[in-house]
Amino acid sequence: MSKTKVDHNLFWNREISSKLAYDANAPIVKEAKIISLSDVNDPSNRPLNNPADGLPQGSRLLAVGGSIEEFDIEMLKREGANTIFVSHPLAREPLDRLLQEIPSIEWIHSRSAGMDFVASPTLASFQGKVTNAKGLYSSTLAEYTIMACSYFAKDLPRLLKNKGAKNWEKYNVLELRGSTLGTVGYGDIGRAVARLAVAYGMKVLALRRRPVPDDLCSVVYGNDKESLSRLFAECDYILCAAPLTAETKGMIGKEQFDVAKSGAVFINVGRGPIVDEDALIEALKDGRLKGAGLDVFATEPLSKSSPLWELDNVLLSPHNMDQTATFTYESTSFFVEENLPRFVRDLPLLNPVDVSAGY
Amino acid sequence: MRLTVFVMHKTRQSLRAAQRRLQSTTTATAPSYTWADPARRHYKFWNRETDVTGQYSYLIEISPESLQREARILALGSDEADAALHQGPLPLGASLLGVGNTVEELQQNVDKTSPNVLFVSPNCPHAANVLPQVLQAFPSIEWVHCRSAGIDFIESEELVQLYTQRLQSSKPLQITNAKGQFSSSLAEYALMACAYFAKNLPLLLEKQQQRSWHKYNVEELRHKTMGIVGYGDIGRAVAKLATVYGMRVVALRRHPFLSRDDPYCNVVYGRDQESLHQLMRESDYIVCSAPSTVETRGMVSAEAFQHMKPNAVFINLGRGPVIDETALQKALQAGRLKGAALDVFVEEPLSTDSPWWDTPHVLISPHNMDQTATFMHEATEFFLRENLPRFLCGEDLLNPVDPVLGY
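Protein chains in written order, with the numbering used here: chain E, 1 to 359; chain C, 1001 to 1407.
Structure (structure tokens):
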């Protein structure tokens, strides 16, 4: 099991971390020459692509584009472009080309938390700094996760069906209090969920690559198969909040659903390909899982022919449970207001990513 | 007092009992328990989550030494949740004399020994009529414990008269209830209802039906304002969760000073109309957890609803009669608020022709959002293991209610 090589003290959380906490008096020692690999028409990118008050001192936007054709590579090489801001969904190939052609690139920042959309061998061997938007979406996803647990605990599908049938039928509800929540992947999202779960009186078990004791969790498991099966056997609610990496791909499947505790509910806010979707559908159909709250899928948008649409024990959302009106705008602002000023002063950048690990 | 049952106690238990007795005789008031929560100023109210760490235990050791009096119990109304009461074992000094739904049934079952405790279950039919009759037929009853939290089902003019008369006599009547028993389940429901509308589940479920992948913006609960009308144990449990979500909490209760130091509320209002309107103006999510009393009936009026924010969500988990249902229905039909979640109604069960079934943007539940498989069993256990031992040992009873106030 490889260890991550990033400094966890540099992880930033929108709710808890201080804003603008860098030393503004530290001298500016270099210029940030930025390539914005993004959609110029996306208003969320305005703080970078079209800032009303200009960029922070020492930063200069060289070019904006969504595909490699829109860039004048020679110009970028001449100018010594050193920073790439990535937010375009189809950025994988253009990013690869830019990295190969422009040797002066020393920093890549992703507007999203997930790095799987740009993962590639070129990126994996990139020697410079990579940062992302972890910690920006966690509390919204935590709210969704607890709601999904409650959705099944209070049997909302039944409630809604009864309303349609004008049926006043009292039935027993379950409490979250006293139940056990397991989280696969204990990063910022997992921790935000744990914070809420503990307030509800739930017991939290976490599974992560570096198992260290945590004040919110009763137990922290390491990332081995046996621990994963134990998690499924011991938890009433299992959350997948892991990133998609070579290690996590397909990690949850039939083997885990076979040992799931009776009445278990599975929630996925990480990435679809972590789960074997066919196995998931089977487990939902035959009752090995009581239900599932799914915000992410192997292929998005989810094909109309997927059986997931018609299962009445599935709460299905179109990868929008972190999509507030302002979240992407806030993410671009984070790059402009937090990391750009740190870069030009050669201060440690927030939210470092270990490209060899993929997250 | 002659005790016909011989009880063996381990030496340590007897010693502890003796110590406790010593404490209780040296202090004039009941022994002070260490409350986990310093903002709880009323030691006499019990909360299932904070006052017992997940397990029931005798707080009071009952030994032949600590026993001050017997408890001769009558049960008015009963169901299988009362099994612990019927099958026992009961604490030392307590006995169940009889069970029934009417005075006649109770008189049949009860022998000459006069009962002093009455345990009332909400499933007793016409409880409001029967209760004063029972109290008059058995004037030796000095304590009535109600298995539910709401006492509106036993409230009546006669009861108020009886209670007031007895206050002046040598044997005042004590009435206690199950406050604090159901709060955390209802708090979970309240936050779920908030999130249900914040994440726009009605739209989500509609699109799911249509197999339509339609991305839309969701709202956060963080930094929104929650207004709680009726800030008792349930209101507090809701506020506790809301605070963890990062919401701002505005509470409304009869005695705002009681919550002055409460860490879960940002502002506390009194119960005047203007304060209620102010709360409605400020809140994105309103939770009504007030009991139904003479004062609260119809309190959330048409006028109050008019002060709501256009995007507000209204949740009622207290009692139906506290709100003006017609006004709320009209507001929902007109789209003047984002939605409502109702667990309680004026008419329960709702008949099939009730307008609620067809009212849009409302989540309807059949007064079951606190109905776990064991909730009533636990309420009976609370009587058996918390209040009954206190009665037997001459200690103050928990969860006193005042029938004049209605809660």
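All residues carry an ideal CB built from backbone N, CA and C; glycine is no exception.
Excluding sequence positions up to five before and after S1301(C), its CB lies within less than 6 Å of the CB of D1324, all in the same chain and listed in chain order.
A distance below 8 Å between beta-carbons, with the five flanking residues on each side excluded, links H1223(C) to the following residues of its chain, in chain order: G1246, M1247, R1248.
In chain order, C149, L181, V265 place their CB closer than 6 Å to the CB of Y237(E), counting only its own chain and leaving out the 5 sequence neighbours on each side.
In the three-state DSSP reduction, V1238(C) falls in the helix class (H, G or I). The Cβ atoms of M1192(C) and Y359(E) lie no closer than 9 Å to each other. The beta strand (DSSP E) runs lying completely inside the region 179–246 of chain E and spanning 3 residues or more are 180–184, 203–207, 219–221, 237–240, given in chain order. Within 10 angstroms of the beta-carbon of D312(E) lie fewer than 16 other beta-carbons, which makes it exposed. In the DSSP assignment, I1175(C) falls within the unbroken beta strand (DSSP E) covering 1174–1176. Within chain E, no C-beta atom comes less than 8 Å from the C-beta of L1342(C); the nearest is roughly 11 Å away.
Excluding sequence positions up to five before and after H88(E), its CB lies within less than 7 Å of the CB of L37, S38, D39, G66, all in the same chain and listed in chain order.
With its beta carbon less than 9 Å from one in chain E, M1192(C) belongs to the interface. Residues of chain C whose Cβ lies closer than 8 Å to the Cβ of R177(E) are, in chain order, E1049, S1184, S1185, E1188. Listed along chain C, no residue sits closer than 7 Å to S125(E) by beta-carbon distance, the nearest being about 34 Å off. Within chain E, no C-beta atom comes nearer than 9 Å to that of P1360(C); the closest sits roughly 11 Å away. Secondary structure note for V1134(C): its alpha helix (DSSP H) is the uninterrupted segment 1127–1137. In the displayed model, G1098(C) falls within a strand according to three-state DSSP. Across the region 296–310 of chain E, CB contacts with chain C closer than 7 Å involve P301, L302, K304, W309, in sequence order along the chain. At a Cβ-Cβ threshold of 9 Å, A1379(C) and A1187(C) do not count as neighbours.
Excluding residues up to 5 positions away in sequence, Y1231, A1251, R1253, C1265, V1268 lie with their Cβ nearer than 7 Å to the Cβ of S1259(C) in the same chain.
The beta carbon of T1352(C) sits closer than 9 Å to some beta carbon of chain E. Taking C-alpha positions only, G135(E) is separated from G1150(C) by approximately 43 Å. With a beta-carbon spacing of about 6 Å, A1195(C) and L1221(C) fall inside the 8 Å limit used to define contacts. By the beta-carbon neighbour count (other beta carbons within 10 angstroms, threshold 16), A21(E) is exposed. Our two residues, F1382(C) and Q1208(C), have alpha carbons roughly 44 Å apart in a direct line. In the three-state DSSP reduction, F126(E) falls in the coil class, being neither helix nor strand. When C-beta distances to chain C are compared with 7 Å, the residues of the region 127–140 of chain E below that value are S139, T140, in chain order. Ranking E1274(C), H1277(C), A1340(C) by CA distance to the CA of I1364(C) puts A1340(C) first.
S317(E) belongs to the set of residues whose beta carbon lies under 9 Å from a beta carbon in chain C. The beta carbon of H1377(C) lies closer than 8 Å to those of A1081, A1083, A1084 in the same chain, with the five residues before and after it left out. N1316(C) has C1288(C), L1342(C) as its beta-bridge partners, per DSSP. For K1215(C), the closest alpha carbon among the candidates D295(E), Q127(E), N45(E) is that of D295(E). For the pair S1095(C) and A1178(C), the Cα-to-Cα distance works out to about 21 Å. Assignment of L20(E) by DSSP, reduced to helix, strand and coil, places it in the coil class. In its chain, beyond the 5 residues on either side, A194, V204, L205, A206 have a beta carbon closer than 7 Å to the beta carbon of C217(E). Contact between the region 168–188 of chain E and the region 225–244 of chain E is present, with at least three C-beta pairs closer than 8 Å. Interface residue (Cβ-Cβ distance to chain C less than 9 Å): D236(E) is not classified as such.
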